[in-house]
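Residue numbers (this note's numbering), protein chains in the order written: chain A, 1208 to 1357; chain B, 1208 to 1357. For every residue, glycine included, the Cβ atom is placed at its ideal position computed from N, Cα and C. I have placed the structure first, in the form of structure tokens, so that the comments after it can refer back to it.
There are 2 protein chains.
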Amino acid sequence: MTKPPPISHSLRAWMDVFMHRSMRGWTHFAKSTGLTMPQFSILMQVYHHKGVCGMSDISERFDITNAAASQLVEKLVQGEYIERAEDPSDRRAKLLQLTQKGKDLIEASVNERYRWMDELGKSLSAEEKGKVVEALTILTEAAKKLENRG
Amino acid sequence: MTKPPPISHSLRAWMDVFMHRSMRGWTHFAKSTGLTMPQFSILMQVYHHKGVCGMSDISERFDITNAAASQLVEKLVQGEYIERAEDPSDRRAKLLQLTQKGKDLIEASVNERYRWMDELGKSLSAEEKGKVVEALTILTEAAKKLENRG
DNA sequence: GTATAAAGTTAAGCCCGCTTAACTAAAAAG
DNA sequence: CTTTTTAGTTAAGCGGGCTTAACTTTATAC
């Protein structure tokens, strides 16, 4: 019987293997779409903002100027990935939203990333699955709590 | 009692929260070093290649031409992050290796990313920690097996 | 030993992201 | 109602990444 590793060790080990694998797929997919990484990241951001996302949200999130965000978004509007409308409640502001094309693209990317995870799930025994589900639920909840406080 | 979620769901939920959080820190740190993302990524790659890494390893990994890799690496050599030596067993090839400065930088970045994970670990009860350690060990092993086959 | 392939380098040139600066238009403050 | 602040756009210009093309040097094939 070996002593179980401390939690920081197992968290780190998992993170290393997970990040390494995940990053590869991520950049590879982005490139295959013909979009640049900044463009792709903006689509992701708008996607996660479910519906309402102003131009300033973009520039803050990526730590760039409004000018830069505006230009990036302009290209995505040209490419018909994003719809840019006037905010009726503040006519200076814009409401950004993915078009169907944009949504499809991001969802394809997310599915691509899920695929590996799903395979991982399938490779486990029923007992292992149970343990993993329980632990990940704990972790996800804890992460959300930490996020809301910090 | 609610039914436990299927494993694909808990894996995906965890992945979403983990990726979202991790990416932010990642790009933010890279930017704060003054290096560009491609440059930073190359340092990471050399770091994980522990010791021996040729120029072609870089170009293959990032799907760019040898010319591009060579120019990127040149900048990192100028910045004293990378040491570029001739491979004695094949004098056409180069051996890339991080300098101490390069190692320090990458390790700082990794630690930054570990910090959140460690906080997460600390926020759990002893019982939860036990479960998480067990499950992550299972997952990490399964991931490594999958990697070696696929 | 000559021909061919492979590893890297260098330079020219393109596109892209980003910043600054000047601007428009709308909202908030006084 | 005027002033100031806020949201966003546009254009000029810089620097970076990447490609192609031409080249050097070393290894491999025949």
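Query: Short of 9 Å Cβ to Cβ, which residues in the stretch 1336-1353 of chain B face chain A?; Result: Lys1336, Gly1337, Lys1338, Val1339, Val1340, Glu1341, Ala1342, Leu1343, Thr1344, Ile1345, Leu1346, Thr1347, Ala1349, Ala1350, Lys1351, Lys1352, Leu1353
Query: Just verifying my parser: in three-state terms, what is the DSSP assignment at Ala1300 of chain A?; Result: coil
Query: Can you tell me where the beta strand (DSSP E) with Ile1271 of chain B in it begins and where it stops?; Result: First-last for Ile1271 of chain B: undefined, no H or E at that position.
Query: Between the alpha carbons of Val1253 of chain B and Glu1341 of chain A, how many angstroms are there, rounded?; Result: 36 Å
Query: Can you tell me where the beta strand (DSSP E) with Glu1183 of chain A in it begins and where it stops?; Result: Nothing in the structure corresponds to residue 1183 of chain A, since chain A is present only between 1208 and 1357.
Query: Is the shortest distance between the beta-carbon of Ser1330 of chain B and the beta-carbons of chain A less than 7 Å?; Result: yes
Query: Just checking, does the stretch 1334-1351 of chain B make contact with the stretch 1325-1339 of chain A on the three C-beta pairs under 8 Å criterion?; Result: yes
Query: Of all the options A:Glu1281, A:Lys1301, A:Tyr1321, A:Glu1290, which has the alpha carbon lying nearest to the alpha carbon of Lys1310 of chain A?; Result: A:Glu1290
Query: Mind checking the stretch 1219-1248 of chain A against chain B and listing, in chain order, the residues whose C-beta falls within less than 9 Å of any C-beta there?; Result: Arg1219, Ala1220, Trp1221, Met1222, Asp1223, Val1224, Phe1225, Met1226, His1227, Arg1228, Ser1229, Met1230, Arg1231, Trp1233, Thr1234, His1235, Lys1238, Met1244, Ser1248
Query: How would you list, in chain order, the residues of chain A whose beta-carbon sits under 9 Å from the beta-carbon of Tyr1321 of chain B?; Result: Ser1215, Leu1218, Arg1219, Met1222
Query: Please say whether Glu1335 of chain B and Ile1345 of chain A have beta carbons closer to each other than 7 Å?; Result: yes
Query: With a threshold of 7 Å between beta carbons, is Leu1327 of chain B in contact with chain A?; Result: yes
Query: Count the other C-beta atoms from every protein chain shown that fall within 10 angstroms of the C-beta of Arg1298 of chain A, then say buried if there are 16 or more, exposed otherwise.; Result: exposed
Query: If we cut at 7 Å on Cβ distances, does Met1324 of chain B have a partner in chain A?; Result: yes
Query: Ends of the alpha helix (DSSP H) at His1256 of chain A?; Result: Neither: His1256 of chain A is in no alpha helix (DSSP H) and is coded neither H nor E.
Query: So Thr1306 of chain A is in the alpha helix (DSSP H); what residue range does that whole segment cover?; Result: Where Thr1306 of chain A is concerned, there is no enclosing alpha helix (DSSP H), given that its DSSP letter is neither H nor E.
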